[in-house]
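As numbered in the numbering used here, residues -1 to 814 make up the sequence shown, in order.
Have a look at the structure below, then the notes.
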Amino acid sequence: ASPNMGRQELLLLLLLFLRPGHGDPLDSYINTQGASLITLTKKQLPAGSISECAEKCEEETTFTCRSFQYHSKEQHCVVMGDNSKSAPVLRMRDVVLYEKRIYLSECKTGNGRRYRGTVSKTKNGVACQKWSDRSPHTPRFSPTSHPLEGLEENYCRNPDNDEKGPWCYTTDPATRFDYCTIPECEEECMHCSGENYEGTISRTKSGLECQAWDSQTPHAHGYIPAKFPSKNLKMNYCRNPDGEPSPWCFTTNPNKRWELCDIPRCTTPPPSSGPTHQCLKGRGESYVGKVAVTLSGHTCQRWSEQTPHKHNRTPENFPCKNLEENYCRNPDGESAPWCFTTNSDVRWEHCKIPSCESSQLPPEQAEATVPPEQTPVVQECYHGNGQSYRGTSSTTITGRKCQSWSSMTPHRHSKTPDKIPNAGLTMNYCRNPDGDKGPWCYTTDPSVRWEFCNLKKCSETQGAVMNARPEVPPVSSQGPSEAEADCMLGNGKGYRGKKATTVAGTTCQAWAAQEPHRHSIFTPETNPRAGLEKNYCRNPDGDVNGPWCYTTDPKKLFDYCDVPQCVSSSFDCGKPKVEPKKCPGRVVGGCVANPHSWPWQVSLRTRFRMHFCGGTLLSPDWVLTAAHCLERSSRPSSYKVILGAHHEQNLEADVQERDVSKLVLEPTRADIALLKLSSPAIITDKVIPACLPPADYVVADRTVCYITGWGETQGTFGAGLLKEAQLPVIENKVCNRYEYLNGRVKSTELCAGLLTGGADSCQGDSGGPLVCFEKDKYILQGVTSWGLGCARPNKPGVYVRVSRFVKWIEETMKNN
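This is how it looks when you write it as structure tokens:
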């Protein structure tokens, strides 16, 4: 931008940068928490808000502002001429980086007048001449003659609004100019099957209005935006998060759960999808080999044919998925390549594809190809600042999953195992390679660069977070509150203790003082209810990292304080004292659990002590099970409950046995029931309740959960011992497809299982728990209910969705 640019020209430039249909300037930015750019082209300016900072970026005249970062505690913004494409990115606390989409995008809208990407070769591969050069061609368009057209370097541009799109002067003396190959942005059209569509169409093919993705009304669903940060599930716009032929949405019509949207195909070639492989890498979505036989030996049906099986996985619907001949492919995000078979009795099966040689990768990268889905909850603490921590936690303080240290997606960084070999940067485990206040990691959320991990110091691990549902407390003993002791609950927003030094030992500056640091937002006058007295550590802005203060060090504006968590109770729901194995094996196939690692599991027995169903301990007095387990008798005296067992038959000496004093069936006849014990269970290291989910909570699609039980093993190893299996949740929309459960699954139920088969609950597991790990505890999300056989391919198990009955559960326990 020219220093002499007028106000009217700036307005035109701003309008040029705004995406069509959006009036908010921040819509033209992509933001990333915890990211900071290293650049010399910048200005530090005062700003009271992010919007004010954005305005200063748009008004900047000494250079083209491509990004800005806002520092909320410092109350200033930095406008910059670079972005993450041209400058290194560092992690920094209390900073949000905003980058203009237009300078990050490598696609064009319309004729590409707004294109500001970095393609610098013509469609014939000839390098472009710099716009400021006068050789080999004297330009008609230059940075000085057309300052609003982004004529920087030798990037392809369209300064004359050419209907054929971006072009450039070439470095070939014989060719003055040529056009560039720039794919269309997926705002007004879609490439492939619309997996990256970012437009604003929000009506289905039949004209129904779309339901917002962050809403669960009228249709509850598992495509939760926070759980799918890379799927761009915004507003109620049509999207394709699960491999349909085109974008779709849940509708606002209660009688029509979802429908495809009518998105036109782009006319230009799609961007490159990356390298392809003749072997299996990851889920095999890049596989282009010629295997055409399934695991069972069935020949594959051609993708273009509709016999013997009719389907919509056609080359026309999935034009970018290499659906050639009858070769095994993975067009829709399955767990591995597959195909429809030529056997009319077997609709489809996975294929056996040879694995790409992991030995060719560095050890850390080979390990990181399958990062763990869960974080252990036992024996996970760190000493000092955690630089010596070598545990396996991989979840941040807000519950986000960690990015592998060897990966550059979604965040590029320099903290890699080869560059810091002694920091223990294995897989995606929490570490502290740079001496920060505690273990941290880069996150798998593109909008959050990094966060501290969900870990405590070893001296603090005897305490834990207070039970989230105090109206039905599992035990009566509770620890001190924040107001009563020098400790905090949660993020410490209510902390009112007297700690006044930072984690580094620096004395805090008084909140009313303006030396050595001037500040105006967080003072006793502006925040009279935040407890900003003297120089005590506080958390007036609800920072997820806990209480902080301005420091008396002139070189350090603020830092966090080392405030321990309050000890709240003698036990915590959902936190076993023995580390679960969390194996990906099979209940049917005999993956034996570590003894007492699922301490809420109960065995429901006849009065003759014969096991026939499972159940879950919710509190010392109550057990949850399936209603169909109680069909044999309506008399409580017909049942006994065994707690704390690992063996089905040869019970350990310290197991607890209780009679049942009351049976309560769910009034709408859902397959769920409560049992009241004749006397309260004694909470021990081997008997601990599971946690209830929030009411109406929906488990996100593909969440990895766990089932346990003493059910039928069909003759395989482990009979008579408590077994476990790791299963992904399958969104009801997918589970109800014709080839799976064909519409049988109700909204009050959820599916979980491996579509390849082999892992499932079975007879004798009914009524038992399906628990899912959330941040730092296991939550009871399902009650084992029914299935079509056991561990059959394409037939996942079905579980009662506990969250739909939480209000009934709590009222029943409270009133009885």
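Don't be surprised by glycine CBs; every beta carbon is placed ideally from N, CA and C.
| Check | Outcome |
| --- | --- |
| Does any heavy atom of the ligand GTP sit closer than 6 Å to the C-beta of Leu661? | The model depicted lacks the ligand GTP and carries no ligand whatsoever. |
| Keeping to the same chain, check which residues put their C-beta closer than 6 Å to that of Glu184; ignore five residues upstream and five downstream. | Asn194, Tyr195, Glu196 |
| Quick check: the stretch 602 to 613 against the stretch 733 to 753, are at least 3 beta-carbon pairs closer than 8 Å? | no |
| As an exercise, report each continuous beta strand (DSSP E) stretch of at least 3 residues that is fully enclosed by the stretch 387 to 421, in chain order. | none |
| Can you tell me the Cα-Cα spacing of Ser213 and Glu531, whole angstroms? | 41 Å |
| Could you tell me whether the Cβ of Ala698 comes closer than 7 Å to any Cβ of chain D? | The structure shown contains no chain D, having only a single protein chain. |
| Using the Cβ count rule (16 or more neighbours within 10 Å means buried), how would you classify Lys860? | Outside the modelled stretch of the chain, which goes from -1 to 814, sits residue 860, for which no answer is possible. |
| Tell me the DSSP secondary structure of Glu7 in three-state form. | At Glu7, the pLDDT of 43 sits below 50, so the modelled position is not reliable; the number obtained from the coordinates is stated separately. It is helical. |
| Which value, in whole angstroms, describes the spacing of the CA atoms of Lys288 and Glu347? | 16 Å |
| Hey, out of Cys428, Cys178, Pro181, whose CA is closest to Tyr380's CA? | Cys428 |
| Of all the beta strand (DSSP E) runs that stay within the bounds of the stretch 615 to 688, which reach a length of 3 or more residues? | 620 to 623, 637 to 641, 654 to 663, 671 to 675 |
| Confirm, please, whether the CB-CB distance from Cys247 to Cys815 is below 7 Å. | Since the first and last residues shown for the chain are -1 and 814, residue 815 lies out of range. |
| List the whole-angstrom C-beta distance separating Lys435 from Val501, where the pair is believed to meet the contact cut-off of C-beta under 8 Å. | 4 Å |
| What would DSSP say about Arg735, mapped onto helix, strand or coil? | coil |
| Which first and last residues belong to the beta strand (DSSP E) in which Lys98 is found? | 87 to 98 |
| Smallest Cα separation from Ser244: which of Lys279, Trp211, Ile199? | Ile199 |
| Across which residues does DSSP place Met188 in a beta bridge pair? | Arg263 |
| Select from Leu752, Thr666, Asn648, Ala671 the residue whose C-alpha is nearest the C-alpha of Ala625. | Ala671 |
| Taking Cβ positions, are Asp443 and Pro227 nearer each other than 7 Å? | yes |
| Any idea if Pro552 is buried or exposed, counting beta-carbon neighbours within 10 angstroms, 16 or more meaning buried? | exposed |
| Starting from the Cα of Leu102, find the closest Cα among Arg112, Lys721, Lys119, Lys83 and give me that residue. | Lys83 |
| Under three-state DSSP, which class holds Ser745? | coil |
| Check whether the stretch 216 to 230 touches the stretch 143 to 158, taking contact to mean three or more Cβ pairs, one atom from each stretch, closer than 8 Å. | no |
| Going by beta carbon distance, what residues of the same chain come within less than 6 Å of Val93, once the five residues before and after it are set aside? | Ser34, Gln67, His69 |
| Would you mind stating whether Pro794 and Gly765 have Cβ atoms separated by less than 7 Å? | no |
| Classify Asp557 as helix, strand or coil using the three-state DSSP reduction. | strand |
| Just to confirm my understanding: we take Pro181, look at its own chain, exclude 5 residues before and 5 after, and list those with CB closer than 8 Å. What are they? | Glu104, Cys105, Lys106, His189, Cys264, Thr266, Pro267, Pro268, Pro269 |
| Per DSSP, what are the beta-bridge partners of Val77 in this structure? | Lys41, Phe66 |
| Which runs of the beta strand (DSSP E) fall wholly inside the stretch 576 to 613 and span at least 3 residues, in chain order? | 599 to 604 |
| What residue range does the alpha helix (DSSP H) around Cys55 cover? | 48 to 57 |
| For Thr367, collect the residues of the same chain with a Cβ closer than 6 Å to its Cβ; drop the 5 residues on either side in sequence, then sort them by chain order. | With a pLDDT of only 42 at Thr367, under 50, the local geometry of the prediction cannot be trusted, and no value is derived from it. |
| Whole angstroms is fine: what's the gap from Ala688's alpha carbon to Asn489's? | 23 Å |
| Considering only the alpha carbon of each residue, which of His411, Trp129, Leu768 lies closest to Arg174? | Trp129 |
| Going along the chain, which unbroken runs of the beta strand (DSSP E) with 3 or more residues stay wholly within the stretch 696 to 730? | 702 to 707, 721 to 728 |
| State the DSSP-derived secondary structure class of Met811, mapped to helix, strand or coil. | helix |
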